[in-house]
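See below for the structure under consideration.
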Amino acid sequence: MAAPPSLYLGGSRHKLLHMVRHAQGVHNLESDKSRDPVTSSKFFDAQLSSLGWEQVRDQRKTVCENGLFQRIELVITSPLSRTLQTAVGIFHGEEVIADESGKVDVKKDETLTFNNRPPIIVNERCRERLGKYECDKRQSISQYRSRFPAVDFSLIEDEDDILWTADEREPRDEVIARGMDFMKWLWGRKEKEIALVSHGVFLQELMIELINSKKCLPLNMEGDIPRSRFKNCEIRSMIISYDSVMGLVSDSFAINNINHCGRIQYGFELLQRDSAKENVSVEDQVTSTNGFPDSTLTVRS
1 MAAPPSLYLG GSRHKLLHMV RHAQGVHNLE SDKSRDPVTS SKFFDAQLSS
51 LGWEQVRDQR KTVCENGLFQ RIELVITSPL SRTLQTAVGI FHGEEVIADE
101 SGKVDVKKDE TLTFNNRPPI IVNERCRERL GKYECDKRQS ISQYRSRFPA
151 VDFSLIEDED DILWTADERE PRDEVIARGM DFMKWLWGRK EKEIALVSHG
201 VFLQELMIEL INSKKCLPLN MEGDIPRSRF KNCEIRSMII SYDSVMGLVS
251 DSFAINNINH CGRIQYGFEL LQRDSAKENV SVEDQVTSTN GFPDSTLTVR
301 S
């Protein structure tokens, strides 16, 4: 059995973040052909497609089999239907679907035997790039609460969507600034291993910024994967440190091997094993050279 995250994430200095793009939405089917249709009210707050739900089921099975489901302490999600559906679908085993009349149908995965499902909270900072596209405009919080009663919406201050505008898309630098603000908020959470369910543009811009500024260590990724667009329902994982996220990063925190690979469910257990052999603490291993696991550690994928 995997050790609790608090035992292998370097005390209070590191967190393990699993970034999840929502599964395929009905708007994705149209946007693959042309960007114009997603400006239509037909795609307002787009839900998951039938393929999207298949992706959710497959990913739920994977996270249960590899032990991630049992280790996640908190799930943070964007307040849009497709991210909410993905979050509760993967981590609570529930499929929440609303028809055109608004009637909601909930299907539960009866094969899911884990009782300790992680809490899910909503944060508007991790929304998709704002503006222009109707699929990125949210409903009222009251509507979401009725559909997703197990989700915590207490961080949302405004009942209606006051962030989205029809005029133009949010500038890239503002998306990045919002992402970094989100990361600082996330660091204030007590949880050590967290899942973030968000959107393609937001996640891609956030990961590129963290990598370029040497503020994270991607895991299980090779070559240009960390900078590429997330696939629907894809999970990418990374280690973040207190010093880097809070803007205290120095040259000693430079990442020497950004393409470090590791199997998430075993990587930190190997750190524990190796630290025992060398008679040093996991904390010393993690921070000894660059603030992240040493690139010489052999953690095979």
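Sequence positions in the sequence shown follow the working numbering and run 1 to 301.
Ideal Cβ placement from N, Cα and C applies to all residues, glycine included.
Exercise. Taking contact to mean at least 3 C-beta pairs separated by less than 8 Å, is the region 39 to 55 in contact with the region 17 to 28?
Worked result: Yes, the region 39 to 55 touches the region 17 to 28.
Problem set entry | Cβ neighbour criterion (16 or more within 10 Å) applied to Arg-172 | Taking the sequence shown and counting its residues from 1, one reaches residue 172 at position 172. Under this definition Arg-172 is an exposed residue.
Exercise. Rounded to a whole number of angstroms, what is the C-alpha to C-alpha distance between Asn-66 and Ile-72?
Worked result: In the sequence shown, residue 66 corresponds to position 66, counting from 1. In the sequence shown, residue 72 corresponds to position 72, counting from 1. One C-alpha to the other measures close to 12 Å.
For this session: Can you tell me which of the three DSSP states Phe-268 falls into?
Result: In the sequence shown, residue 268 corresponds to position 268, counting from 1. The predicted model places Phe-268 with a pLDDT of 41, which falls under 50 and marks its position as unreliable, so this point remains unresolved.
For this session: Would you kindly work out how many angstroms separate the C-alpha atoms of Ser-198 and Arg-145, rounded to a whole number?
Result: Against the sequence shown, residue 198 aligns to sequence position 198. Against the sequence shown, residue 145 aligns to sequence position 145. Taking the straight line from one Cα to the other gives about 18 Å.
Exercise. In angstroms, rounded to a whole number, what distance separates the CA positions of Lys-192 and His-14?
Worked result: Your numbering for residue 192 matches position 192 in the sequence shown. Your numbering for residue 14 matches position 14 in the sequence shown. Approximately 7 Å between the Cα atoms of the pair.
For this session: Can you check DSSP and say which residues form a bridge with His-92?
Result: Residue numbering aside, residue 92 sits at position 92 when the sequence shown is read from its first letter. For His-92, which the question treats as bridged, DSSP gives no partner whatsoever.
Exercise. Which class does Ala-195 belong to by DSSP, given the choice of helix, strand or coil?
Worked result: Along the sequence shown, one-based indexing puts residue 195 at 195. Strand, per DSSP.
Exercise. Where Leu-80 and Glu-209 are concerned, what is the direct C-alpha to C-alpha distance, given to the nearest angstrom?
Worked result: The sequence position of residue 80 within the sequence shown is 80, counting from 1. The sequence position of residue 209 within the sequence shown is 209, counting from 1. Approximately 24 Å, taken between the alpha carbons.
For this session: Could you check if Leu-16 is buried or exposed, using at least 16 other CB atoms within 10 Å of its CB as the buried criterion?
Result: In the sequence shown, residue 16 corresponds to position 16, counting from 1. When all chains shown are included, Leu-16 counts as buried.
Exercise. Should Asp-136 be labelled buried (16 or more other beta-carbon atoms within 10 Å of its own) or exposed?
Worked result: What you label residue 136 is simply residue 136 of the sequence shown in a count that begins at 1. It is buried - the Cβ of Asp-136 has at least 16 other Cβ atoms within 10 Å.
Exercise. Where does Ala-46 sit, in a helix, a strand or coil, going by DSSP?
Worked result: Counting from one through the sequence shown, the residue named residue 46 turns up at place 46. It is coil, neither helix nor strand.
Exercise. Straight-line CA distance for Lys-214 to Arg-117?
Worked result: Residue numbering aside, residue 214 sits at position 214 when the sequence shown is read from its first letter. Residue numbering aside, residue 117 sits at position 117 when the sequence shown is read from its first letter. In a straight line, the C-alpha of Lys-214 is about 33 Å away from that of Arg-117.
Problem set entry | Counterpart residues of Asp-105 in DSSP-defined beta bridges | As a first step, residue 105 is located in the sequence shown; it is residue number 105 there, counting from the start. Answer is Ile-97.
Problem set entry | Through-space distance from Ile-97 to Lys-108, alpha-carbon basis | One-based indexing of the sequence shown puts residue 108 at position 108. One-based indexing of the sequence shown puts residue 97 at position 97. Straight-line Cα distance between these residues: approximately 12 Å.
Exercise. Nearest to Ala-177 by alpha carbon, out of Phe-153, Asp-167, Met-207?
Worked result: On the sequence shown, position 177 is the one that residue 177 refers to. Ranking the options by Cα distance to Ala-177, first place goes to Met-207.
For this session: Buried or exposed for Arg-189, please, with buried defined as at least 16 other CB atoms from any protein chain shown within 10 angstroms of its CB.
Result: Counting from one through the sequence shown, the residue named residue 189 turns up at place 189. By the 10 Å Cβ count, Arg-189 comes out exposed.
Exercise. What separation, rounded to the nearest whole angstrom, lies between the Cα atoms of Ala-150 and Ile-120?
Worked result: Locating residue 150 in the sequence shown gives position 150, counting from the first residue. Locating residue 120 in the sequence shown gives position 120, counting from the first residue. Roughly 8 Å between the two C-alpha positions.
Problem set entry | Other residues of its chain near Arg-229: CB distance less than 7 Å, five sequence neighbours each side excluded | Here residue 229 refers to the residue found at position 229 when the sequence shown is read from its first residue. Within the same chain, and ignoring the five residues on either side of Arg-229 in sequence, the residues whose Cβ sits closer than 7 Å to its Cβ are Gly-200, Gln-204.
Problem set entry | Continuous alpha helix (DSSP H) stretch holding Arg-172: start and end | The residue labelled residue 172 in the question sits at position 172 within the sequence shown. Segment 172 to 187, the alpha helix (DSSP H) holding Arg-172.
Problem set entry | Neighbourhood of Gly-89 by C-beta distance below 6 Å, restricted to the same chain and skipping five residues each side | The residue you call residue 89 lines up with position 89 of the sequence shown. Hits under 6 Å: Val-56, Glu-95.
Problem set entry | Coil, strand or helix - Asp-328 by DSSP | The requested residue 328 is not part of the displayed model; the chain covers only 1 to 301.
Exercise. Per DSSP, which one or two residues make a beta bridge with Asp-136?
Worked result: Start at 1 with the first residue of the sequence shown, and residue 136 comes out as number 136. DSSP lists no partner for Asp-136.
Exercise. How many angstroms separate the CA atom of Met-238 from the CA atom of Leu-74?
Worked result: Here residue 238 is taken as the residue at index 238 of the sequence shown, counted from 1. Here residue 74 is taken as the residue at index 74 of the sequence shown, counted from 1. About 15 Å.
Problem set entry | Residue from His-92, Val-122, Arg-127 with nearest C-alpha to Gly-179 | Taking the sequence shown and counting its residues from 1, one reaches residue 179 at position 179. When the alpha-carbon of Gly-179 is set against those of His-92, Val-122, Arg-127, the nearest one is in Arg-127.
Exercise. Are Arg-138 and Asp-45 close, meaning C-beta to C-beta below 9 Å?
Worked result: Locating residue 138 in the sequence shown gives position 138, where the first residue counts as 1. Locating residue 45 in the sequence shown gives position 45, where the first residue counts as 1. Going by C-beta atoms, Arg-138 is nearer than 9 Å to Asp-45.
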